[in-house]
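Below you'll find the structure, written out as structure tokens, and then a few comments.
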Amino acid sequence: MTRNKVEICGVDTAKLPVLTNAQMRELFVQLQSGEYAAREQLVNGNLRLVLSVIQRFNNRGEYVDDLFQVGCIGLMKAIDNFDLSQNVKFSTYAVPMIIGEIRRYLRDNNPIRVSRSLRDIAYKALQVRDTLTNKNSREPTIVEISEELNVPKEDVVFALDAIQDPVSLFEPIYQDGGDPIFVMDQISDERNRDSQWTEEIALREAMHRLSDREKLILSMRFFEGKTQMEVAEEIGISQAQVSRLEKAAISQMHKHVQ
1 MTRNKVEICG VDTAKLPVLT NAQMRELFVQ LQSGEYAARE QLVNGNLRLV LSVIQRFNNR
61 GEYVDDLFQV GCIGLMKAID NFDLSQNVKF STYAVPMIIG EIRRYLRDNN PIRVSRSLRD
121 IAYKALQVRD TLTNKNSREP TIVEISEELN VPKEDVVFAL DAIQDPVSLF EPIYQDGGDP
181 IFVMDQISDE RNRDSQWTEE IALREAMHRL SDREKLILSM RFFEGKTQME VAEEIGISQA
241 QVSRLEKAAI SQMHKHVQ
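Heads up: the sequence shown begins at 1 in this note's numbering, then just goes up one per residue.
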């Protein structure tokens, strides 16, 4: 497999190092013993984590370089405050801090201010709109939304207009040449989206640690739906070798995510 070269803030992402768990732990021990050269290695070794995070906010009207720099600030804060004794994976600790730093940047740099009461009505209206759309297989009317919320339809129209009437919960609330704010970032939910997303980051990290052949086998098996025999024929090894490599790769990913 070839690695795509992407330059962000002058960084060639294809050349970023990947640290093992043992290397990470040793560097944190060194850093917490006063060897500050380890800090730079920890930053460089976790820049891929920042890149994974900013994908969530990309294509939202922000320059990728700006988000990358802000994400790096969150990464450095995570490195400086990480406690080895807590027995928590660094990525699990760092991802929420990186996300939080980017959210603060987006919030603080947004020139538009909408009242809290208006935002509350708008967010609830968007939730109801998505619910009714899924239920009825069509876009609900303003009247239907206002009846569901028990709010005057004029208030619903005014609230949605105030936040630029976004398309869905996963779109920016508004984007008028400034910094977008996402509806999903403003609405509480019984499911912890950040926790779920942190697990996805961990899976991507685990996948990155596999060899090119292991990545190819897992891709062909689980994304393309091919049998082990078909995979074996395509890459020129035996079915037994495919089975062994597949099991080893899954086992390695499982250990990394745990």
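C-beta atoms are modelled at their ideal positions from N, C-alpha and C, and glycine is treated no differently.
What does the Cβ neighbour count give for residue i, buried or exposed, with the cut at 16 atoms within 10 Å?
i: residue 84; result: exposed
i: residue 136; result: exposed
i: residue 68; result: buried
i: residue 90; result: buried
i: residue 74; result: buried
i: residue 36; result: exposed
i: residue 48; result: buried
i: residue 71; result: buried
i: residue 143; result: exposed
i: residue 119; result: buried
i: residue 180; result: Reliability of the predicted coordinates at residue 180 is poor, the pLDDT of 48 falling under 50, and the value obtained from them is presented with this limitation in mind. Classification for residue 180: buried.
i: residue 20; result: exposed
Let me check understanding here. Comparing Cα to Cα, which of the options lies closest to residue i?
i: residue 243; options: 229, 234, 210, 43; result: 229
i: residue 15; options: 23, 25, 32, 44; result: 44
i: residue 151; options: 207, 86, 128, 133; result: 128
i: residue 32; options: 48, 82, 20; result: 82
i: residue 52; options: 40, 88, 99, 117; result: 99
i: residue 34; options: 157, 80, 97; result: 80
i: residue 50; options: 77, 28, 26; result: 77
i: residue 24; options: 96, 104, 87; result: 87
i: residue 211; options: 147, 155, 231, 246; result: 246
Short check: CB of residue i to CB of residue j, under 8 Å?
i: residue 125; j: residue 102; result: no
i: residue 94; j: residue 46; result: yes
i: residue 218; j: residue 240; result: no
i: residue 18; j: residue 213; result: no
i: residue 237; j: residue 216; result: no
i: residue 22; j: residue 30; result: no
i: residue 207; j: residue 253; result: yes
i: residue 139; j: residue 133; result: yes
Does any CB atom of chain D fall closer than 8 Å to the CB of residue i?
i: residue 26; result: Chain labels in this structure do not include chain D; a single protein chain is all it has.
Alpha helix (DSSP H) runs contained entirely in the stretch 17 to 64, provided each spans 4 or more residues: Listed in chain order, the alpha helix (DSSP H) elements of length 4 or more contained wholly in the stretch 17 to 64 are 21 to 32, 37 to 45, 47 to 54.
Please give me, in chain order, every unbroken run of the alpha helix (DSSP H) with length at least 4 that falls completely inside the stretch 127 to 155. Listed in chain order, they are 142 to 149.
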